[in-house]
Amino acid sequence: MVKYTINRLVSGVVVLFVISLITFFVLTVIPGDAALLSLGTDATPERLEALRESMGLNQPWYERYFSWLTHFLAGNWGNSLFFGEDVLTLIMQRLMITVSLAVLSLLLAIPVAAIIGIFSALYQDKWIDRLARTVMQLGDAIPQFWLALIFLVFFSGKLGWFPVPGFIPVEEGWWRSLHSLLLPSIVVAIGLIGYLIRIIRSSMLSALEQDFMLMTRVNGLSPAQAVFKYALRSAVIAPVTTILMQLAGLLAGTVLVESIFALPGVGRLLLVAVEQRDIILLQGTVMFITGVVVCVNFLADILYRVINPMIQFGGERNA
Numbered sequence: 001m002v003k004y005t006i007n008r009l010v011s012g013v014v015v016l017f018v019i020s021l022i023t024f025f026v027l028t029v030i031p032g033d034a035a036l037l038s039l040g041t042d043a044t045p046e047r048l049e050a051l052r053e054s055m056g057l058n059q060p061w062y063e064r065y066f067s068w069l070t071h072f073l074a075g076n077w078g079n080s081l082f083f084g085e086d087v088l089t090l091i092m093q094r095l096m097i098t099v100s101l102a103v104l105s106l107l108l109a110i111p112v113a114a115i116i117g118i119f120s121a122l123y124q125d126k127w128i129d130r131l132a133r134t135v136m137q138l139g140d141a142i143p144q145f146w147l148a149l150i151f152l153v154f155f156s157g158k159l160g161w162f163p164v165p166g167f168i169p170v171e172e173g174w175w176r177s178l179h180s181l182l183l184p185s186i187v188v189a190i191g192l193i194g195y196l197i198r199i200i201r202s203s204m205l206s207a208l209e210q211d212f213m214l215m216t217r218v219n220g221l222s223p224a225q226a227v228f229k230y231a232l233r234s235a236v237i238a239p240v241t242t243i244l245m246q247l248a249g250l251l252a253g254t255v256l257v258e259s260i261f262a263l264p265g266v267g268r269l270l271l272v273a274v275e276q277r278d279i280i281l282l283q284g285t286v287m288f289i290t291g292v293v294v295c296v297n298f299l300a301d302i303l304y305r306v307i308n309p310m311i312q313f314g315g316e317r318n319a
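Quick note on numbering: the sequence shown equals residues 1 to 319 in full-length UniProt numbering.
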């Protein structure tokens, strides 16, 4: 277990290092003037030269990279060219909105997906299983941006059940704040439900086919006791780790929803960085999202190993 944890930790660090290199090269080393790209053709020569100096563009690429990496690890991510504020501060100000959106979406999606997925496996090839497969196909087929626009126009514009696009801070009332996140969370949850049903159904079917389920019948347990006492416990492993990875993916995967519903989250910040050609902000946001995804995937791997100690990784053998 210790060896596996160290291996996963080292591989995570390597991934972050490689992503940092790719991000740095793509944004600052590829042919072209990064300062000109950021400020545009209307910028004065003085402004361009000042930005080149502040970004270290007059230095060799390896000096620029290690200088940037050193400052990055020290928490100095530079100032956004568009906002004029510290990049890390900008990200942290918007992080809670994105996390709230992701968590609320999962809280809405998990119960629905769990109920449908479990009963779909228990009644395989029956009407509820066919319904579950239809829901999975619809979840894969419906574009999230289209669903967001339809929901916004109908539920917010026509019916007035939800506030107009925008985030209401908690200081103005926790219910109003939650209400402003509810409709975009429903949109994200609908996109998650189909995928989660597939994972839960597959995991449950696998558990029902295990030898220990036959032993429960031999020992006289009722089908309900066998399912709730043994099958569910075995089937929960894959969905738990999947949900963790989905939570990490939602940090970067809600760009369109945050934009349509005017939510000032991390995804929208990433889009602003691209639109405004803010290389410093784009570097910081990409690295932050990558770091979160790597860390959560690392925790998911360790959790999977803890709750299922019989699994073997990398040639390990359990006594």
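For glycine and all other residues, C-beta sits at the position ideal for the given N, C-alpha and C. Being a predicted model, the structure only gives us computed values, none of them experimental.
Among the candidates the options, whose CA atom is the shortest distance from the CA of residue i?
i           : options            : result
residue 328 : 101, 236, 197      : Limits of the chain in this structure are 1 at one end and 319 at the other, which puts residue 328 out of reach.
residue 64  : 297, 288, 280      : 280
residue 134 : 268, 233, 96, 198  : 198
residue 153 : 291, 292, 260, 269 : 260
residue 182 : 294, 196, 103      : 103
residue 188 : 290, 91, 109       : 109
residue 257 : 14, 127, 115, 143  : 143
residue 148 : 304, 293, 255, 51  : 255
residue 137 : 292, 196, 171      : 196
What does the alpha-carbon distance come out to for the pair residue i and residue j?
i           : j           : result
residue 201 : residue 117 : 4 angstroms
residue 240 : residue 265 : 25 angstroms
residue 107 : residue 42  : 48 angstroms
residue 47  : residue 81  : 12 angstroms
residue 73  : residue 246 : 26 angstroms
residue 267 : residue 156 : 22 angstroms
residue 306 : residue 207 : 18 angstroms
residue 17  : residue 68  : 12 angstroms
residue 173 : residue 61  : 50 angstroms
residue 319 : residue 7   : Residue confidence for residue 319 is low, a pLDDT of 39 falling below 50, so the modelled location carries little weight; the figure read from the coordinates is stated next. Looking at the two C-alpha atoms, the distance is approximately 20 angstroms.
residue 176 : residue 262 : 16 angstroms
residue 26  : residue 56  : 16 angstroms
residue 10  : residue 276 : 35 angstroms
residue 317 : residue 3   : For residue 317, the pLDDT reaches just 47, beneath the cut-off of 50, and the residue's location in the model is therefore unreliable, leaving the point undetermined.
residue 270 : residue 282 : 6 angstroms
residue 190 : residue 139 : 7 angstroms
residue 273 : residue 76  : 18 angstroms
residue 290 : residue 250 : 12 angstroms
residue 123 : residue 244 : 27 angstroms
residue 114 : residue 120 : 10 angstroms
residue 233 : residue 242 : 16 angstroms
residue 231 : residue 238 : 13 angstroms
residue 210 : residue 235 : 11 angstroms
residue 204 : residue 301 : 20 angstroms
residue 295 : residue 12  : 7 angstroms
residue 158 : residue 248 : 34 angstroms
What do you get for residue i, buried or exposed, if any count of 16 or more other CB atoms within 10 angstroms of its CB means buried?
i           : result
residue 44  : exposed
residue 297 : buried
residue 105 : buried
residue 164 : exposed
residue 96  : exposed
residue 141 : exposed
residue 23  : buried
residue 54  : exposed
residue 193 : buried
residue 150 : exposed
residue 185 : buried
residue 59  : exposed
residue 125 : exposed
residue 314 : Confidence at residue 314 is low in this model, with a pLDDT of 48, below 50, so its placement is unreliable and no value can be given for it.
residue 90  : buried
residue 21  : exposed
residue 92  : exposed
residue 285 : buried
residue 98  : buried
residue 66  : exposed
residue 1   : exposed
residue 94  : buried
residue 14  : exposed
residue 292 : buried
What is the DSSP secondary structure of residue i, reduced to helix, strand or coil?
i           : result
residue 86  : strand
residue 7   : helix
residue 233 : helix
residue 315 : For residue 315, the pLDDT reaches just 46, beneath the cut-off of 50, and the residue's location in the model is therefore unreliable, although a value from the coordinates is still provided. Three-state DSSP puts residue 315 in coil, outside helix and strand.
residue 263 : coil
residue 355 : Nothing can be reported for residue 355, as the shown portion of the chain is limited to 1 through 319.
residue 43  : coil
residue 283 : helix
residue 241 : helix
residue 305 : helix
residue 22  : helix
residue 289 : helix
residue 278 : coil
residue 142 : coil
With a threshold of 7 angstroms between beta-carbons, can residue i be considered close to chain C, or not?
i           : result
residue 301 : No chain C is part of this structure, which consists of one protein chain only.
Item checked: Length-filtered (3 minimum) beta strand (DSSP E) runs lying within the segment 50 to 125 -> Counting whole runs of 3 or more residues, the segment 50 to 125 contains no beta strand (DSSP E) stretch at all.
Check: In the segment 149 to 216, which residue ranges form an unbroken alpha helix (DSSP H) of at least 4 residues, counting only runs that do not cross its ends?
Finding: Every alpha helix (DSSP H) stretch that sits fully inside the segment 149 to 216 and reaches 4 residues is listed by chain position as 174 to 208.
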